[in-house]
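Going down the list, the sequences are from chains A and B. The first sequence begins at 1 in my numbering and counts up one residue at a time. The second sequence begins at 1 in my numbering and counts up one residue at a time. Glycine included, every Cβ here is placed at the ideal spot set by N, Cα and C. Since the structure comes first, as structure tokens, the remarks are kept for the end.
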Amino acid sequence: EAGVTQSPTHLIKTRGQQATLRCSPISGHTSVYWYQQALGLGLQFLLWYDEGEERNRGNFPPRFSGRQFPNYSSELNVNALELEDSALYLCASSLSTSGHEQFFGPGTRLTVL
Amino acid sequence: AQSVAQPEDQVNVAEGNPLTVKCTYSVSGNPYLFWYVQYPNRGLQFLLKYITGDNLVKGSYGFEAEFNKSQTSFHLKKPSALVSDSALYFCAVRDWNSGTYKYIFGTGTRLKVLA
């Protein structure tokens, strides 16, 4: 069974640009979560999508947004990039109902210069 | 506010010795608790979870965790550490609020098992 996949592996942008990160969940999983893992800060919850709808978002500015497609894949968009957006962005998927463990992808390393 | 704390940034233990990685939480209602492990250059992997039932939960790779409601703790344990257990460990709790939820992760504890 294929795991969660993310693309690209690495992304280098400059301040003010936009970044788009993509995630494909495990087959059968309808929930997709996005996290930011900055150095020394653990995982910070960004967004949760389920069945195509945004179900919750973390304490991040509106320039962090995303969507979930009918096939349950998802993309994260970060507009007006700032230097402090440099981090590892992790996507996870799970079955829909609460209490199920999440399966994580390898992440996209975003560097903002 | 809901939160989870991992009080130790790093834990060192000799191979063959028992290990404990600590986690405490603060939630309203019944907690859903998880442990994940992150090996170098690899994504996070699920180890175990507590939803309800037996306070002692067994998981992957010989790890177990004990849910203690009175101390609001969910410490990760293993009877005999291996060098290959060296990794970054995260505790997580489900935060239910205003009809929806999210998972809050601790800041992680780096486990170093010394040969």
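Along chain B, which residues have their Cβ under 9 Å away from the Cβ of residue i?
{"i": "A/Gln18", "result": "Simply none; closest approach about 25 Å."}
{"i": "A/Pro106", "result": "Asn41, Arg42 and Gly43"}
Could you list which residues in chain A have their beta carbon closer than 9 Å to that of residue i, in chain order?
{"i": "B/Thr24", "result": "Going along chain A, no residue has its Cβ under 9 Å from B/Thr24, so there is no contact; the nearest lies around 15 Å."}
{"i": "B/Tyr32", "result": "Ser98 and Gly99"}
{"i": "B/Phe90", "result": "Gly42 and Leu43"}
Residues of chain B with a CB under 7 Å from the CB of residue i: which are they?
{"i": "A/Trp48", "result": "Lys102"}
{"i": "A/Arg55", "result": "Thr100"}
Taking C-beta pairs closer than 8 Å, name the residues in chain B that residue i reaches, listed in chain order.
{"i": "A/Leu41", "result": "Thr107"}
{"i": "A/Gly58", "result": "Lys102"}
{"i": "A/Leu90", "result": "Gly43 and Leu44"}
Are there 16 or more other CB atoms within 10 angstroms of the CB of residue i, so buried, or fewer, so exposed?
{"i": "A/Glu53", "result": "exposed"}
{"i": "B/Lys78", "result": "buried"}
{"i": "A/Leu39", "result": "exposed"}
{"i": "A/Phe69", "result": "exposed"}
From the DSSP secondary-structure annotation, give me the bridge partner or partners of residue i.
{"i": "B/Glu66", "result": "B/Leu56 and B/His75"}
{"i": "B/Lys112", "result": "B/Asn12"}
{"i": "B/Asn97", "result": "B/Thr100"}
Identify the contact partners of residue i in chain A, using a Cβ-Cβ distance below 8 Å as the criterion.
{"i": "B/Lys49", "result": "Gly99 and Glu101"}
{"i": "B/Arg94", "result": "Ser98 and Gly99"}
For residue i, which residues in chain A fall below 7 Å Cβ to Cβ?
{"i": "B/Phe67", "result": "Here the premise fails: no neighbours, minimum Cβ distance about 14 Å."}
Mind checking whether the beta-carbon of residue i lies closer than 6 Å to any heavy atom of the ligand ADP?
{"i": "B/Val21", "result": "The ligand ADP is not part of this structure, which contains no ligands at all."}
Query raised in the report: What are the uninterrupted segments assigned as beta strand (DSSP E) that are 3 or more residues long and contained completely in the segment 34–82 of chain A, given in chain order?
Result: The qualifying runs are 43–50, 53–57, 64–68 and 74–78.
Query raised in the report: Mind pulling the beta strand (DSSP E) runs of 3 or more residues that sit fully within the segment 3–37 of chain A?
Result: For the segment 3–37 of chain A, whole beta strand (DSSP E) runs of length 3 or above, ordered along the chain, are 5–7, 10–13, 19–24 and 31–37.
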